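Peer 1:
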Amino acid sequence: MTGNAQPGRVGYRDIANDLRQQIDSGELPPGSKVPGENDLTSQYGVEQPTARRALDVLKNEGLIVAKRGSGTFVREFKPIRRVSPDRLKATSRGSGQPIWSTDVGTRPRTEDVTVDVELPPAPIAEVLKLDDSARVVIRRRRYVVDDKPVQLATSYYPEALVAGSAITEINTGKGGAYARLKELGHEPTRFREELRTRMPRDAERQALDLAQGTPVILIVRTAYTADDQPVEVSEMVLDSAAYVLEYKFTSHD
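Quick note on numbering: full-length UniProt numbering labels position 94 of the sequence shown as 94, and the sequence is numbered without any gaps.
(1) Just checking my contact of L28 with V74 at CB under 8 Å: how many whole Å lie between their CB atoms?
(2) Leaving aside the five residues before and after G62 along the sequence, list all residues of the same chain whose C-beta is less than 6 Å from its C-beta, in chain order.
(3) For a cutoff of 8 Å on Cβ pairs, would you count V34 as touching chain C?
(4) How should S133 be labelled, buried or exposed, when 16 other C-beta atoms within 10 angstroms of its C-beta is the threshold for buried?
(5) Going along the chain, which unbroken runs of the alpha helix (DSSP H) with 4 or more residues stay wholly within the stretch 134-181?
(6) Kindly indicate which three-state DSSP category E126 falls into: helix, strand or coil?
(7) For R180, count the other beta carbons within 10 Å of its own beta carbon; 16 or more makes it buried, fewer makes it exposed. Which is it?
(8) Quick test of your reading: R135 and V113, contact by CB under 8 Å. State the CB separation rounded to the nearest angstrom.
(9) What residue range is occupied by the uninterrupted alpha helix (DSSP H) comprising K59?
(10) Have a look at E183, R13, R205 and flag the residue whose alpha-carbon is nearest the alpha-carbon of V162.
(11) Starting from S234, follow the beta strand (DSSP E) in both directions and report where the run begins and ends.
(12) So, helix, strand or coil for T41, using DSSP?
(13) Could you tell me the distance, in whole angstroms, from the CA atom of L245 to the CA atom of R196?
(14) How big is the Cα-Cα spacing for K174 and A166?
(15) Report the residue from G71, P188, R52, A153 whose alpha carbon sits nearest the alpha carbon of S32.
(16) Helix, strand or coil, according to DSSP, for D18 in the structure here?
(17) Starting from L245 and walking both ways along the beta strand (DSSP E), at which residues does that stretch end?
(18) Using DSSP with H/G/I as helix, E/B as strand and the rest coil, what is H186?
(19) Whole-angstrom Cβ separation of E204 and L152, contact assumed at under 8 Å?
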């Protein structure tokens, strides 16, 4: 036991603070097992509900994760570094390699790919400048790295723009959708991304296999042609425990 917590005189916050200090100091390093409820009741002289509540505090903070049948462990953070300017620049896209290769070096496994033609949600129709009757091709998929789901993605394309192309197929071919847009005469040359964070919806939590207390990062990217025509909107839901987002800027226009 460390810190100011004393057996028989502690509450759940004291225990949580004590464990947090051990995690922050490295006494409990990433991947190490955290004392369980029974251990905490004995160590701190508290009842089991108090010990459980202390662990729940750290789970909700995202510091520890419970593994069914194994116990509770300090969260390991092995980030995918997502550098938007690098992954979207023309030289990277023109190489025929997926933009993912700038993040993880190899293409992740893509699962649950679906392609549908539907009327778009109103915000998507507005961004793509579509009229009320215009439909979109919607590509939905999940990305997995090292057998761990890390991202959900939904991309919208004006149907009239991509009809008959490989963008309407499960496999878009070498270079992906951006290469197909270029072949269609609608090469994306400018991008806009909006980011925010929130707690996951239940379906997102299940699809990404998120631990308790893990928020998601939402990235909405719009791709434009040289004449400012919007040709794609992509909504990405990222496991925040899997990513570091890096942006590079210069002081010149």
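C-beta: ideal position from N, C-alpha, C; glycine also. Predicted, not measured: the structure shown is a model, and the values here were computed from it.
Peer 2: Looking at the atomic coordinates:
(1) 5 Å
(2) G213, T214
(3) No chain C is part of this structure, which consists of one protein chain only.
(4) exposed
(5) 159-162
(6) helix
(7) buried
(8) About 19 Å separates the two Cβ atoms, so there is no contact after all.
(9) 48-60
(10) E183
(11) The continuous beta strand (DSSP E) containing S234 extends over residues 230-239.
(12) helix
(13) 12 Å
(14) 10 Å
(15) G71
(16) helix
(17) 243-246
(18) Here DSSP, grouped into helix, strand and coil, assigns H186 to coil.
(19) About 6 Å separates the CB atoms of E204 and L152; that is less than 8 Å, so the two are in contact.
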